[in-house]
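*Asks:* Dropping the structure in here first, questions after.
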Amino acid sequence: MAHLDEAAHRLSKSGTTLYAVLELKKGASPEDIKKAYRNLALKYHPDKNPGDAQATEIFKEINTAHSILSDPKKRKIYDRHGSLGIYIYDHFGEEGVTYYFTLNSCWFKTLVLLCALLTCCCCCCCCCFCCGTLKPPSEDVAGRYQQNVQNQPLRSGWYKKVLGKNNNGPEVLDQSLSL
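According to my numbering, the sequence shown is numbered sequentially starting from 10.
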């Protein structure tokens with residue numbers, strides 16, 4: 010009995026399944042769903058129970074259960090994933106349900122982690138510089154480029170700042186360089 014309670018709680022936040030709302034078993038046919046919906050809708054309709062707020066809430070639950078269980082796609086998703094599957098279906102569609110449950114499955118997460126560890130590459134970020142693409146340059150290479158930058162001729166119209174010193178402290182003089 011405890012196993013049935015856990016399964017019902019997994020299928021719905023409130024702990025009741027949509028089949029229980031319509032007073033049906035899980036393998037009910039579409040005709041049985043339609044018949045149960047009509048009987049319960051007549052019993053709890055707000056026009057038949059004026060002023061009864063509880064009957065109105067039950068009627069809303071019956072309508073929700075019928076709308077999900079009468080649609081074959083939604084019913085299949087509900088039977089496999091419960092109310093979370095229906096929530097995702099309403100927001101992202103049928104493909105969104107497939108992607109969500111695939112990406113959240115234990116085997117998919119294990120596969121991604123295993124591939125990342127075996128290839129020593131997590132999203133193209135090499136952690137131990139084994140391939141050399143992200144390895145910092147050595148000082149020999151950095152010094153080679155610095156010498157090239159210093160020997161470049163200045164272009165006309167550029168300004169060079171020359172630091173001079175007077176009695177009050179450092180001053181900056183702008184001198185125009187023309188070639």
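We put the CB at the ideal spot given by N, CA and C, even for glycine.
Thinking C-beta only, is V30 closer than 8 angstroms to A74?
*Replies:* In this structure, V30 lies closer than 8 angstroms to A74 by Cβ.
*Asks:* What would DSSP say about Q161, mapped onto helix, strand or coil?
*Replies:* Q161 falls in the coil class under three-state DSSP.
*Asks:* When we look at the beta-carbon of Y28 and count the other beta-carbons within 10 Å, is it buried (16 or more) or exposed?
*Replies:* With 16 or more Cβ atoms within 10 Å of its Cβ, Y28 is classed as buried.
*Asks:* Quick check: I95 and I67, are their CB atoms within less than 8 angstroms of each other?
*Replies:* Not a contact, by the Cβ cut-off of 8 angstroms.
*Asks:* What separation, rounded to the nearest whole angstrom, lies between the Cα atoms of L123 and S114?
*Replies:* Going from the Cα of L123 to the Cα of S114 covers about 14 angstroms.
*Asks:* Assuming Y46 contacts A64 under a Cβ cut-off of 8 angstroms, what Cβ separation, rounded to an integer in Å, is found between them?
*Replies:* Contact doesn't hold; Cβ gap of about 15 angstroms is too wide.
*Asks:* Could you pull the start and end residues of the alpha helix (DSSP H) that Y85 belongs to?
*Replies:* The displayed chain sequence assigns Lys, not Tyr, to residue 85. From DSSP, the alpha helix (DSSP H) with K85 extends over 81-90.
*Asks:* Taking only runs of the alpha helix (DSSP H) that begin and end inside the segment 25-68, which ones reach a length of at least 4 residues, in chain order?
*Replies:* Fully enclosed alpha helix (DSSP H) runs of 4 or longer: 27-30, 39-53.
*Asks:* If we call anything under 8 angstroms between Cβ atoms a contact, is I71 one with A50?
*Replies:* The answer is yes: Cβ separation under 8 angstroms.
*Asks:* Quick check on T26: buried or exposed, where buried means 16 or more other Cβ atoms within 10 Å of its Cβ?
*Replies:* Classification of T26: buried, given that the 10 Å Cβ count is 16 or more.
*Asks:* Rounded to the nearest angstrom, what separates F110 and R84 at their Cα positions?
*Replies:* Answer to the nearest angstrom: the Cα atoms are 17 angstroms apart.
*Asks:* Do the CB positions of G91 and I97 come within less than 8 angstroms of each other?
*Replies:* No, the pair does not count as a contact, with Cβ atoms beyond the cut-off.
*Asks:* Can you list, in chain order, the residues of its chain whose CB lies under 7 angstroms from that of K103, leaving out five sequence neighbours each side?
*Replies:* Per the sequence presented here, residue 103 reads as Glu, with Lys not at that position. Same-chain partners within the cutoff: K82.
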